[in-house]
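Okay, structure first, notes after.
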Amino acid sequence: MTLRLTPDHLQQIQAHAEGTYPDECCGLLLGRGVPDEPDMRAIVEVWQTQNAWSDEVARELSGSVHDDLPLSKSRRYWIDPKEMLVGQRYARDRHLTIIGIYHSHIDHPAVPSECDRVLAWSDYSYLIVSVRQGCAQNLLSWRLDPSHQFQPETILNSH
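See below:
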């Protein structure tokens, strides 16, 4: 699969990630499939969300997530289900769909964590931007394979 985005989308994601540092940012990727390109999806709009990670969320997920990262907004993100629903309605009203989720990794590579993998939904693209000392660096996209393991996804930067 290939994920197509514009320089403006990239700038929005990077600015959001830098603006929330040292906490992780998160948001929705709204878009659609590309006609005549069955293996490509295009981002039409970036929808910023709040990182709703909390002690309560950590307790609820304690049996699901098993890695050594601290349970804080600097190492975790959570999109409130109510905010997801608002995003879905917004997308639907514009004949779009949620095609993915983006978030930042703070002073770590743009590679999914075990928590990212466990909580990921199939069919979504997962854009991760690495933010080091407040500056957005690398941005990579990932998708789950049939074994629920992340595989790299090609990013096409279109103008």
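Whatever position you read off the sequence shown (first residue = 1), add 10 for my numbering. No residue lacks a Cβ here, since even glycine has one placed at the ideal position from N, Cα and C. The structure presented is a predicted model; accordingly, all values stated were derived computationally and were not measured.
- The three-state reading of DSSP puts A68 in helix, counting H, G and I together.
- Distance between S168 and L13, taken at the CA atoms: about 10 Å.
- By the CB criterion at 9 Å, G37 and H113 fall inside the cutoff.
- Take the alpha-carbon of V128 and the one of H158: they are about 8 Å apart.
- Unbroken beta strand (DSSP E) stretches of 3 residues or longer found wholly inside the stretch 76 to 158: 107 to 116, 135 to 142 and 145 to 154, given in chain order.
- According to the DSSP assignment, T12 belongs to the beta strand (DSSP E) that extends over T12 to L15.
- Only exposed fits Q161, as fewer than 16 other CB atoms lie within 10 angstroms of its CB.
- Per DSSP, reduced to three states, the secondary structure at D49 is strand.
- Beta-bridge partners of G29 (DSSP): none assigned.
- In the DSSP assignment, the residues bridged to Q58 are G37.
- For the set W88, A120 and W57, the Cα lying nearest the Cα of R69 is the one of W88.
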